[in-house]
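Residue numbers (this note's numbering), protein chains in the order written: chain A, 568 to 801; chain B, 568 to 801. Think of the CB as a built atom: it goes at the ideal place given N, C-alpha and C, for glycine as much as any other residue. These notes are about the structure you will find just below.
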DNA sequence: AAAACTAGGTACAAAACCGTACAAATCTAA
DNA sequence: TTAGATTTGTACGGTTTTGTACCTAGTTTT
């Protein structure tokens, strides 16, 4: 089994003190994170916690019925397994990769020991969990008060924040599931954004063309968790 | 200044070990919590953390614009100041009393010291924060996928869980703000519920008549955070 | 190269919801 | 008890979103 070096693309790992990193390193192993790979299954014990380096995951809430909606994104700025970080061992939400990438993972048990050993490690992980909580709250706000077009702009911005390129390999179908709207509703909304020159869409790929204008469109729905992240992880 | 006794209506305090309770008690002071009393102001440092004994508070997310929506309720089952518990000192969300009551409060500074001193105390508070996170995720789900009538049923159930009586003193206006819909939309939806015999509405008061049927109507949108709470705080 | 599959574009009527408005009912205070 | 304020009921046209369907265009498989 390979062991991770200190040289990582994950922004939480890269902010850890040398001591905290040494605490985790022996237990971290690199993993490939292909599209749709499941990181957490609703109501099943969480086995591993993932420090994502490239790509991002969707955290999806599902009701007791089958309907689902995304409540947040986690990429290289964060870590999955927030339930573990907060002392639970599972969550009713699903987590799976939405854009393929890779990362480092640690078993939930090993992470628990490490957090018990180091308060500073626990603290930094908790602060990220707090930022994610803000993200979820803002998602609730957007879902309740914004229209599809604005929510789509918001989602694209959050995705763009988490990838290096301007091309996002996404289908309308999955965007619809994430936003909780019809597939064809996404198609139409994307058409509007494209006609405004904010994006370009090809089969399976959306390209961010004018980010500033997207931010303007998303307006108040974008930026709150992002600035909290900046503030706490300056 | 009065000092709290161990005999409290707050379900978190009542689950603490004797030692943890003794750690907090010297710093807890009883407070009256009138309607609309502000417990947290967006982006201002949090001064006090409130263990609610009666009544409940709304946690409200506000965009950089003025629009707001409720992302969760906290009553005697919980505690406010989740940002503090998670190592931040403020939050972009507002928190204020939605149904008058009372509780015990502790300064954020004193709570921080107590949490540093006792890992078991910190753990129980974090587990509640996790439950609240699930509640927020479910709110995002309901906002995105359910219609006003169902969301209203969900809200009434969550409120009912947090009061002793069947009467909820609420105006349509405020319900509309919480749910992110028109005031008259609430009036109409309440009319539907009343005609179905699930509730009774008088000026400023909504009475829960048939809770079971309300749960059926809310369907999959109600119950997930509630069962997590039960599971973790058996 | 044909067939099968996946993704995207478009349409249309129905439903949900909004903004706005106004009047009736109820409560409060002078 | 009267004036004022708050709360609720109801209406109407307009916008947003939905459910469903069907067709086209790419992509993969055989």
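In the structure shown, what three-state DSSP assignment does residue i receive?
i, result
"residue 758 of chain B", "helix"
"residue 602 of chain B", "coil"
"residue 670 of chain B", "strand"
"residue 728 of chain B", "helix"
"residue 644 of chain A", "coil"
"residue 695 of chain A", "helix"
"residue 741 of chain B", "helix"
"residue 569 of chain B", "Per-residue confidence for residue 569 of chain B stands at a pLDDT of 45, beneath the threshold of 50, marking its modelled position as unreliable; no derived number is given."
"residue 679 of chain B", "helix"
"residue 587 of chain B", "helix"
"residue 776 of chain A", "coil"
"residue 735 of chain A", "strand"
"residue 635 of chain B", "strand"
"residue 712 of chain A", "helix"
"residue 788 of chain B", "helix"
"residue 579 of chain A", "coil"
"residue 622 of chain B", "strand"
"residue 592 of chain B", "helix"
"residue 766 of chain B", "strand"
"residue 655 of chain A", "coil"
"residue 753 of chain A", "helix"
"residue 616 of chain B", "strand"
Quick one, which of the options has its alpha-carbon nearest residue i's?
i, options, result
"residue 697 of chain A", "B:766, B:685 and B:656", "B:656"
"residue 643 of chain B", "B:581, B:691, B:767 and B:684", "B:581"
"residue 672 of chain A", "A:598, A:574, A:756 and A:589", "A:598"
"residue 681 of chain A", "A:661, A:612 and A:654", "A:654"
"residue 608 of chain A", "A:620, A:596, A:624 and A:594", "A:624"
"residue 701 of chain B", "B:738, B:791 and B:632", "B:791"
"residue 635 of chain A", "A:612, A:774 and A:661", "A:661"
"residue 620 of chain A", "A:718, A:753 and A:669", "A:669"
"residue 706 of chain B", "A:793, A:592, A:638 and A:610", "A:638"
"residue 683 of chain B", "B:591, B:606, B:645 and B:728", "B:591"
"residue 595 of chain A", "A:645, A:777, A:693 and A:678", "A:678"
"residue 770 of chain A", "A:632, A:738, A:593 and A:576", "A:738"
"residue 768 of chain B", "B:612, B:723, B:797 and B:780", "B:723"
"residue 733 of chain A", "A:777, A:611, A:676 and A:593", "A:777"
"residue 676 of chain B", "B:666, B:612, B:667 and B:727", "B:612"
"residue 762 of chain A", "A:744, A:781 and A:793", "A:781"
"residue 666 of chain B", "B:610, B:779 and B:745", "B:745"
Run the CB neighbour count on residue i, radius 10 Å, all protein chains shown included, and call it buried at 16 or more, exposed below.
i, result
"residue 659 of chain A", "buried"
"residue 721 of chain A", "buried"
"residue 584 of chain B", "exposed"
"residue 574 of chain A", "exposed"
"residue 731 of chain A", "exposed"
"residue 689 of chain A", "buried"
"residue 589 of chain B", "exposed"
"residue 719 of chain A", "buried"
"residue 729 of chain A", "buried"
"residue 774 of chain B", "exposed"
"residue 586 of chain A", "exposed"
"residue 622 of chain A", "buried"
"residue 645 of chain A", "buried"
Near residue i, what residues of its chain come up, given a Cβ to Cβ distance below 8 Å and the 5 sequence neighbours on each side ignored?
i, result
"residue 716 of chain A", "756, 759, 760 and 784"
Determine the contact status of residue i and residue j, defining contact as a CB-CB distance below 8 Å.
i, j, result
"residue 627 of chain B", "residue 651 of chain B", "no"
"residue 703 of chain A", "residue 704 of chain B", "yes"
"residue 649 of chain B", "residue 618 of chain B", "no"
"residue 664 of chain B", "residue 742 of chain B", "no"
"residue 752 of chain B", "residue 711 of chain A", "no"
"residue 800 of chain A", "residue 578 of chain A", "yes"
"residue 687 of chain A", "residue 614 of chain A", "no"
"residue 735 of chain A", "residue 772 of chain A", "yes"
"residue 630 of chain A", "residue 765 of chain B", "no"
"residue 693 of chain B", "residue 647 of chain B", "no"
"residue 786 of chain A", "residue 632 of chain B", "yes"
"residue 560 of chain A", "residue 740 of chain A", "Residue numbering for chain A in the displayed model covers 568 to 801; residue 560 of chain A lies beyond these limits and cannot be assessed."
Given residue i, which residues of its chain have a CB within under 6 Å of its CB, disregarding the five upstream and five downstream residues?
i, result
"residue 725 of chain B", "640"
"residue 795 of chain A", "698 and 701"
"residue 713 of chain B", "788"
"residue 727 of chain A", "775"
Keeping to the same chain, check which residues put their C-beta closer than 7 Å to that of residue i; ignore five residues upstream and five downstream.
i, result
"residue 576 of chain B", "620, 621 and 643"
"residue 754 of chain A", "739"
"residue 695 of chain A", "579, 645 and 646"
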